[in-house]
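K.L.:
Here you go, one structure.
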Amino acid sequence: MTLAPFYAAPLFVKLHILSALLVVGLTPFQFVGFRKGSPGHRLTGRLWLLAMIAVALTSLTISSRFRYSIAGFGLIHLLSLLTLASCYGAWHAARTHAVERHRQMLIGLTASFFVAGAFTFLPGRIMHQIVAG
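Each residue of the sequence shown is one higher than the one before, counting from -8 in our numbering.
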């Protein structure tokens, strides 16, 4: 394991990685750490949502290197836009006490985050370089 690829990365990539790590760290607290609706759940939920928004926004600054991309924007960037819309929907559902919709949206957001995150460990990606050294 080496942090050299992280240190060499552009600022927005570093912010993207740090935001994603914050999402990873807060996720267990949201699902099992606090009683739903408690002050702790609401506080970490706000932090989680802000970190997820930061992940999505910073991802828009990272060019796609895949074959099917236009001006550096690829299919993964559509997921970023969907993530931003889903963050708003989850927040709105919480504010309007639509608990079941809030729960479903956040389960979907979390699942898509971890699936997309798994792809960052493919060879040639920064997270693969960090972990594999």
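All C-beta atoms in this analysis are idealised placements derived from N, C-alpha and C, irrespective of residue type, glycine included.
Ile53: buried (16+ other C-beta within 10 angstroms of its C-beta) or exposed?
P.N.:
Translated into the one-based positions of the sequence shown, residue 53 becomes position 62. Ile53 comes out buried.
K.L.:
Are any of the Cβ atoms in chain D nearer than 7 Å to that of Val4?
P.N.:
The chain inventory of the structure shown lacks chain D, comprising one protein chain alone.
K.L.:
Roughly how many whole angstroms lie between the Cα atoms of Ala84 and Ala109?
P.N.:
On the sequence shown, position 93 is the one that residue 84 refers to. On the sequence shown, position 118 is the one that residue 109 refers to. Their Cα atoms are separated by approximately 28 Å.
K.L.:
So the candidates are Ala11, Leu12, Leu9 and Leu34; which of them puts its Cα closest to the Cα of Gln21?
P.N.:
Position 30 of the sequence shown, counted from the start, is the residue given in the question as residue 21. Per the Cα distances, Leu34.
K.L.:
Between the beta-carbon of Leu75 and the beta-carbon of Ala102, is there less than 7 Å?
P.N.:
Counted from its first residue, the sequence shown places residue 75 at position 84. Counted from its first residue, the sequence shown places residue 102 at position 111. Cβ atoms of Leu75 and Ala102: not closer than 7 Å.
K.L.:
Leaving out five residues on either side along the sequence, give the residues of the same chain with a beta carbon under 6 Å from the beta carbon of Met43.
P.N.:
To locate residue 43, count along the sequence shown from 1; it is residue 52. Once the five neighbours on either side are set aside, the close Cβ partners of Met43 are Val14 and Cys78.
K.L.:
Between which two residues does the alpha helix (DSSP H) holding Ile121 run?
P.N.:
For the purposes of this step, residue 121 is taken as residue 130 along the sequence shown, with counting starting at 1. Unbroken alpha helix (DSSP H) run through Ile121: Ile117 to Ala123.
K.L.:
Cβ atoms of Pro(-4) and Ile121: under 7 Å apart, would you say?
P.N.:
Residue 121 sits at position 130 when you count from the first residue of the sequence shown. Residue -4 sits at position 5 when you count from the first residue of the sequence shown. Cβ distance < 7 Å, so Ile121 and Pro(-4) count as in contact.
K.L.:
In angstroms, rounded to a whole number, what distance separates the CA positions of Met96 and Val90?
P.N.:
The count along the sequence shown starts at 1 and reaches residue 96 at position 105. The count along the sequence shown starts at 1 and reaches residue 90 at position 99. Between Met96 and Val90, the C-alpha separation is close to 10 Å.
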